[in-house]
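Data block below; observations after.
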Amino acid sequence: MAPVLYDEKPELGDLIEIHRGSYQHWAVYVGDGFVVHLAPPFEGRGGQSSRVMSLVADRAVVKREELWDVVGTDKWTINNGLDNKYQPRPSHIIVKAACELVGQQLPYCLFRGNCEHFVNELRYGKAESRQVLKAKLLALASLLATSLLFGIVSGAGALCMI
Numbered sequence: 001m002a003p004v005l006y007d008e009k010p011e012l013g014d015l016i017e018i019h020r021g022s023y024q025h026w027a028v029y030v031g032d033g034f035v036v037h038l039a040p041p042f043e044g045r046g047g048q049s050s051r052v053m054s055l056v057a058d059r060a061v062v063k064r065e066e067l068w069d070v071v072g073t074d075k076w077t078i079n080n081g082l083d084n085k086y087q088p089r090p091s092h093i094i095v096k097a098a099c100e101l102v103g104q105q106l107p108y109c110l111f112r113g114n115c116e117h118f119v120n121e122l123r124y125g126k127a128e129s130r131q132v133l134k135a136k137l138l139a140l141a142s143l144l145a146t147s148l149l150f151g152i153v154s155g156a157g158a159l160c161m162i
């Protein structure tokens, strides 16, 4: 597979967002074409794994791999989007911390400890996931809409009983 050419050149400590369709995978750039990322132990090249298994995994492995092996054929962007909210740590500290974790198994939780939490903890010292926040807001909106709809339907049913 020939790598896609991008104008963007990551710098040490940059966060890489990999667009995998229904979700994003995250990694931190550590130099010389390599990234460190949190991945299920059974993940193959380019994120080839059972997405269902990724949902139920309770452990993940910190891996250091070539950017193109992690990206595969997916699109990716440099996304340091929380720089406006948090002060990034110095790049050499980010890289050192990331590389020290390589090979370790860490607890994995889709909602409290996923790959986005992992890279944000490295860059900012804050484990945060915007995609989890968006999912929670969507779930809340769905719940409210369902409750409202149920209330309207129940109210209409009560009116029909009169």
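Numbering-wise (full-length UniProt numbering), the sequence shown opens with residue 1 and increments by one. A virtual CB, placed ideally from N, CA and C, is assigned to each residue, including glycine. Please read all numbers here as calculations on a predicted model, not as lab measurements.
Three-way DSSP call (helix, strand, coil) for residue i in this model
i, result
"residue 119", "helix"
"residue 60", "strand"
"residue 75", "strand"
"residue 174", "Residue 174 cannot be examined here, being either before or after the span of the chain that is shown, 1 to 162."
"residue 15", "strand"
"residue 30", "strand"
"residue 95", "helix"
"residue 67", "helix"
"residue 101", "helix"
"residue 158", "Only weak support exists for where residue 158 lies, its pLDDT of 47 falling under 50; the coordinates are left without a value."
"residue 88", "coil"
"residue 21", "coil"
"residue 81", "coil"
"residue 40", "coil"
"residue 107", "strand"
Residue j beta carbon less than 8 Å from that of residue i
i, j, result
"residue 19", "residue 76", "yes"
"residue 130", "residue 89", "no"
"residue 167", "residue 13", "Nothing about residue 167 can be reported from this structure: the residues present for the chain run from 1 to 162 only."
"residue 163", "residue 30", "The chain is shown only over 1 to 162; residue 163 falls outside these bounds and no answer can be derived."
"residue 26", "residue 116", "yes"
"residue 28", "residue 98", "yes"
"residue 80", "residue 15", "yes"
"residue 74", "residue 108", "no"
"residue 82", "residue 114", "no"
"residue 93", "residue 8", "no"
Integer-rounded CB distance, given that residue j should sit under 8 Å from residue i
i, j, result
"residue 60", "residue 110", "11 Å between Cβ atoms; not a contact."
Legend entry - the stretch 60 to 68 contacting the stretch 31 to 45, beta-carbon criterion three pairs below 8 Å: yes
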